[in-house]
Amino acid sequence: MKRFLPYLAVAFFASVPLWLQDQYFLHTLVVTGIFIIAAMSLNLLLGYTGQLSLGHVAFFGIGAYVSALTSLGFSLSIFGVQITHEPWPAVVGVILGTIIAGLCGYLIGKLAFRVRGAYFVIVTISFAEVVRLVSLNWVELTNGPLALPGIPPLTLGFEWTGFATLWGKGQNYYVVLATIVLAYVLIKRIVNSPYGRAMIALRENETLATSVGVSVTKYLVLAAVISGAMAGTAGGLYAHYIQIIDPMVFMFLNTVTMVIMVITGGKGTLAGPLVGGLIFGIAPVILRDYVGPEVQWILYGLLMILIVFVLPEGIVPAVERWFTRKTGNSAAKRSALVLESSKGARS
Amino acid sequence: MSSAAVAAKPILAVEHVAVHFGGLIAISDMNFDVREGELVSLIGPNGAGKTTAFNVITGFLKPTKGRVTFRGESLNGLKPHEVTSLGLVRTFQRTSVFEKISVFENVLIGLHRRTKASLLGTILALPSERRAEAALREEVWEILRLVGIDHQADEMGGSLPYGDQRLLGVALALAANPSALLLDEPVSGMNASETGRFIDLLNKLRANGKTILLVEHDMPMVMGISDRIVVLNYGRIIANGTPSQIQNDPDVIQAYLGQGVKHA
Ligand SMILES: Nc1ncnc2c1ncn2[C@@H]1O[C@H](COP(=O)(O)OP(=O)(O)OP(=O)(O)O)[C@@H](O)[C@H]1O
Ligand SMILES: [Mg+2]
Chain G
173 MKRFLPYLAV AFFASVPLWL QDQYFLHTLV VTGIFIIAAM SLNLLLGYTG
223 QLSLGHVAFF GIGAYVSALT SLGFSLSIFG VQITHEPWPA VVGVILGTII
273 AGLCGYLIGK LAFRVRGAYF VIVTISFAEV VRLVSLNWVE LTNGPLALPG
323 IPPLTLGFEW TGFATLWGKG QNYYVVLATI VLAYVLIKRI VNSPYGRAMI
373 ALRENETLAT SVGVSVTKYL VLAAVISGAM AGTAGGLYAH YIQIIDPMVF
423 MFLNTVTMVI MVITGGKGTL AGPLVGGLIF GIAPVILRDY VGPEVQWILY
473 GLLMILIVFV LPEGIVPAVE RWFTRKTGNS AAKRSALVLE SSKGARS
Chain Z
551 MSSAAVAAKP ILAVEHVAVH FGGLIAISDM NFDVREGELV SLIGPNGAGK
601 TTAFNVITGF LKPTKGRVTF RGESLNGLKP HEVTSLGLVR TFQRTSVFEK
651 ISVFENVLIG LHRRTKASLL GTILALPSER RAEAALREEV WEILRLVGID
701 HQADEMGGSL PYGDQRLLGV ALALAANPSA LLLDEPVSGM NASETGRFID
751 LLNKLRANGK TILLVEHDMP MVMGISDRIV VLNYGRIIAN GTPSQIQNDP
801 DVIQAYLGQG VKHA
């Protein structure tokens, strides 16, 4: 049953645009999906290595800006040298945004992981703030608070197939869904490999992990690179979907949203950010019909506090435990290491 | 003392090491070596500096003075995981296992040094990576059987009885494929029969050519198993010799064995 759950989920979500009438709700799902990708990337750091990045939106925003500028083109002078960039296809923008966000992950990782814990939190917050200020003040490049409008939508295809421009919500929905599936498979393979084991070992007992030969810097930086890059992809998708970005994309609230999605869903689980992301992505739309925005935020906060108090590990581990109790499979105690029970075949 | 050990060259050398914690001198001018295949015990009263010596050797602590060499290479400035990758692996005095991870997966983590997974191969889920992973799992079973905790493979590390947690700690260290193993009070908290089995395990490891440096308060065990004993008191080495030499050393009797510990 559990094996087929991911396939069922994908099949269900793939069918949504076929029957959903409400276009605003479909839009919400696209944006939620993009945030879920960002939350999944945060989960790799927070859930698997145990390092809290409170500036995660920086990678998202960098991905968005790099992708937007690559596809819009720009012209600026640095120290009297004129640099002009002609517009490139949006897809190239997303790829570049991913790479540059990953490089930022590398730099932040190298810088911050020398001293971990609280120091890492502070470095990531500061990093996000610096990037926000740059986006606000480097007007020549980013248009500052006036925003970058007219970002072209994604186009898919090749010379010989012809190009399809993804104007519609439905088309973007499928691109986001496909990206989520890719991100899920990528994270699943990593966390179930020696790489993921090293990250989890560092989270669980760093001294012991180093004593068996795990390099702290190598694996934490690796996690930061993958995490940053993936958040950058999400940012790129966001820019080409919304088609306008401004420095507000860097607001702290966006990081908080990602953290909430991960923690309520269940950090360190594959499905956690998906479940938490769906709840907190869709809740505002449902609440909107009943209460004003201020009350909405209060309810949002209360919902999070409630979930964290009742299910401190998050929803996914709680459901898993409930499920194993129901099926009477008492042997399947949850090991913090591997999520899909992968007991070694006894020889 | 085995004659092979006498002939062998030192592989681990502690050279004039001193460790000061502020005003406290935990170790002053420590000098000893361990030869290939030898089992050397480092003994001394509580607070003598034994664990501190382990911390220096394995890169967890920088010595105030002096240096440690392993196979002729200086370990100064190496991080713990780099020391481990040279084949010098330790266990911890305070029980240290991955508590929320199953026993099997504990050892799987311990095998980190032996995995040669490539990131690309992992992401693409190449068959070669899967085969390597399967082989790794086979190795886990071998280590669990060797140490004698294979029947508890599915238990969480933290839920094992105390003595078995100590064994799991040793299994983790063995998984890292050490040529020299540093054991910090491995049988503390074990009962007599557990200790007996642990001594059997040590003998097996020695037969496989592992070099062992042992810190232990269990005198009968130390006297019975060691090729050589180094005695530490207040951060200074006061004796270095065979078990019978140590037992008859007046300084040692005064400082250590005189504290009510009977001769073995
Ligand atoms: N990190 C530290 N900071 C300050 N003092 C320390 C530190 N580590 C050890 N010490 C002190 O150094 C001395 C040696 O301690 P160490 O743990 O090496 O003793 P030990 O021989 O292992 O003792 P035991 O048999 O009780 O384990 C003690 O006085 C201890 O209090
Ligand atoms: Mg000690």
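Protein chains in written order, with our numbering: chain G, 173 to 519; chain Z, 551 to 814.
C-beta atoms are modelled at their ideal positions from N, C-alpha and C, and glycine is treated no differently.
Linking F481 (chain G) to N215 (chain G) through their CA atoms gives a straight-line distance of about 20 angstroms. A check of alpha carbon separations from I280 (chain G) across G:Q223, G:G407 and G:R375 identifies G:Q223 as the nearest. Here Q797 (chain Z) is not bridged, per DSSP, to any residue. Identification of chain Z residues near E376 (chain G) by a Cβ-Cβ cut-off of 7 angstroms yields F648, K650 and I651, ordered along the chain.
The stretch 685-696 of chain Z and the stretch 736-743 of chain Z do not touch, with fewer than three beta-carbon pairs separated by less than 8 angstroms. For S635 (chain Z), the chain G residues whose Cβ falls inside 7 angstroms of its Cβ are G385, in order along the chain.
One thing to note: Q715 (chain Z) has its Cβ within 8 angstroms of the Cβ of T645 (chain Z). Boundaries of the alpha helix (DSSP H) around K360 (chain G): K341 to V363.
For T337 (chain G), the pairing in a beta bridge is given by DSSP as G:T327.
Burial state of A336 (chain G) is exposed, judged by a 10 Å Cβ sphere holding fewer than 16 other Cβ atoms. At least one C-beta of chain Z is nearer than 8 angstroms to the C-beta of A373 (chain G).
Distance from the C-beta of D734 (chain Z) to the nearest heavy atom of ligand 2 is below 7 angstroms. When G:I272, G:D461, G:I372 and G:M433 are compared, the shortest CA-CA separation from M212 (chain G) is found for G:M433. DSSP places K600 (chain Z) inside the alpha helix (DSSP H), whose first and last residues are K600 to I607. Taking a C-beta distance under 8 angstroms as the contact criterion, H566 (chain Z) and N581 (chain Z) qualify as a contact pair.
Chain-order list of chain Z residues neighbouring A443 (chain G): empty, with the shortest C-beta distance near 19 angstroms, by a criterion of under 9 angstroms.
Identification of chain Z residues near S365 (chain G) by a Cβ-Cβ cut-off of 8 angstroms yields A667, T672, E679 and E683, ordered along the chain. Under the three-state reduction of DSSP output, M706 (chain Z) falls in the strand class.
Every beta strand (DSSP E) of 3 residues or more that sits fully in the stretch 743-804 of chain Z is shown, in chain order, as 761-765, 778-783 and 786-791. When G:Y367, G:T427 and G:F299 are compared, the shortest CA-CA separation from G385 (chain G) is found for G:Y367. Runs of alpha helix (DSSP H) with 4 or more residues, each lying fully within the stretch 223-258 of chain G, are found at 229-244, listed in chain order. By the criterion of at least three beta-carbon pairs nearer than 8 angstroms, the stretch 760-778 of chain Z is in contact with the stretch 592-611 of chain Z.
Against chain Z, a Cβ distance below 7 angstroms from R361 (chain G) picks out T672, I673 and A675. The DSSP-derived three-state label of T619 (chain Z) is strand. Between the stretch 453-472 of chain G and the stretch 194-211 of chain G there are three or more C-beta pairs closer than 8 angstroms, enough to call the two in contact. P800 (chain Z) and Q643 (chain Z) have their alpha carbons spaced roughly 29 angstroms apart. Residues of chain G whose Cβ lies closer than 8 angstroms to the Cβ of T608 (chain Z) are, in chain order, S383.
In this structure, the straight-line span from the alpha carbon of S298 (chain G) to that of G774 (chain Z) is close to 59 angstroms. Contact note: P630 (chain Z) reaches chain G through T382 and S383, using a C-beta cutoff of 7 angstroms and chain order. Not one beta carbon of chain Z lies nearer than 8 angstroms to the beta carbon of L392 (chain G).
Here L483 (chain G) has A490 as same chain residues with Cβ atoms under 7 angstroms from its own Cβ, once five neighbours each way along the sequence are excluded. Neighbourhood of ligand 1, defined by CB distance below 5 angstroms to any of its heavy atoms: Z:F571, Z:A576, Z:N596, Z:G597, Z:A598, Z:G599, Z:K600, Z:T601 and Z:T602, in chain order. Runs of the beta strand (DSSP E) lying entirely within the stretch 285-330 of chain G, each at least 3 residues long, are 327-330 in chain order. Within chain G, the C-beta atoms nearer than 7 angstroms to that of A726 (chain Z) come from V384 and G385, in chain order. According to the DSSP secondary-structure assignment, D734 (chain Z) is paired through a beta bridge with Z:V765. Using beta-carbon distances, T496 (chain G) does not count as an interface residue toward chain Z, since no partner is under 8 angstroms.
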